[in-house]
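Numbering (the numbering used here), first residue to last: -10 to 115.
Report on the following structure.
Set out below in structure tokens:
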């Protein structure tokens, strides 16, 4: 029976962190190393800058100071966002084009075209 337990590791658990007590058996966290290749990729990628800030306010604060926001999205993400914006604009235009009266008329026509299967059955006596 003792042969089946030969592969078992004896001793306490070694948890990461250890509350700053490496003598208590804690295993320290490994620090990540920054690679130089990541920096090169960022330099090669085209940056799209957008101006964000004041338009030269009246109070005079931040007169020549402008903040630039760097767009870190990929080309596919930019295209996706543009397409979603176009889709939303079409939906808003479609919803705004009909009046309430037109919407009610269309809904009533839709209901009249449904088969008898969708009718509400009579409930109760009579």
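Note that CB positions come from ideal geometry on N, CA and C, so glycine has one too.
The structure displayed is predicted, hence computed values, not measured ones.
Problem - Opening and closing residue of the alpha helix (DSSP H) in which residue 59 lies - result: Position 70 of the chain shown, counted from the start, is the residue given in the question as residue 59. Per DSSP, residue 59 belongs to no alpha helix (DSSP H); it is in the beta strand (DSSP E), 56 to 60.
Problem - Span of the alpha helix (DSSP H), counted from its first residue to its last, around residue 106 - result: Position 117 of the chain shown, counted from the first residue, corresponds to residue 106. Where residue 106 is concerned, there is no enclosing alpha helix (DSSP H), given that its DSSP letter is neither H nor E.
Practice task
Might you give, ordered along the chain, the residues of its own chain that have their beta carbon closer than 7 Å to the beta carbon of residue 67, omitting 5 neighbours on each side?
Solution key: As a working mapping, residue 67 is identified with position 78 in the chain shown. Within the same chain, residue 67 has no close Cβ partners at all.
Practice task
Measure the CB-CB distance between residue 117 and residue 5 and report whether it falls below 7 Å.
Solution key: Absent from the structure is residue 117, since the part of the chain shown begins at -10 and ends at 115.
Problem - Euclidean distance between Cα positions of residue 83 and residue 108 - result: Along the chain shown, one-based indexing puts residue 83 at 94. Along the chain shown, one-based indexing puts residue 108 at 119. Approximately 29 Å between the Cα atoms of the pair.
Exercise for the section: For residue 119, I'd like the list of residues in its chain whose CB is within less than 6 Å of its CB, leaving aside the five on either flank, ordered along the chain. Expected result: For the chain, the structure presents residues -10 to 115; residue 119 sits outside this window and is missing.
Handout entry: Coil, strand or helix - residue 18 by DSSP
Key = As a position in the chain shown, residue 18 is number 29, starting the count at 1. Here residue 18 sits in coil by DSSP.
Practice task
From the DSSP output, read off the bridge partner residues of residue 83.
Solution key: In the chain shown, the residue the question calls residue 83 occupies position 94. Beta-bridge pairing links residue 83 to no other residue.
Handout entry: Helix, strand or coil at residue 5 according to DSSP, with G and I counted as helix
Key = Taking the chain shown and counting its residues from 1, one reaches residue 5 at position 16. Residue 5: strand per DSSP, three-state reduction.
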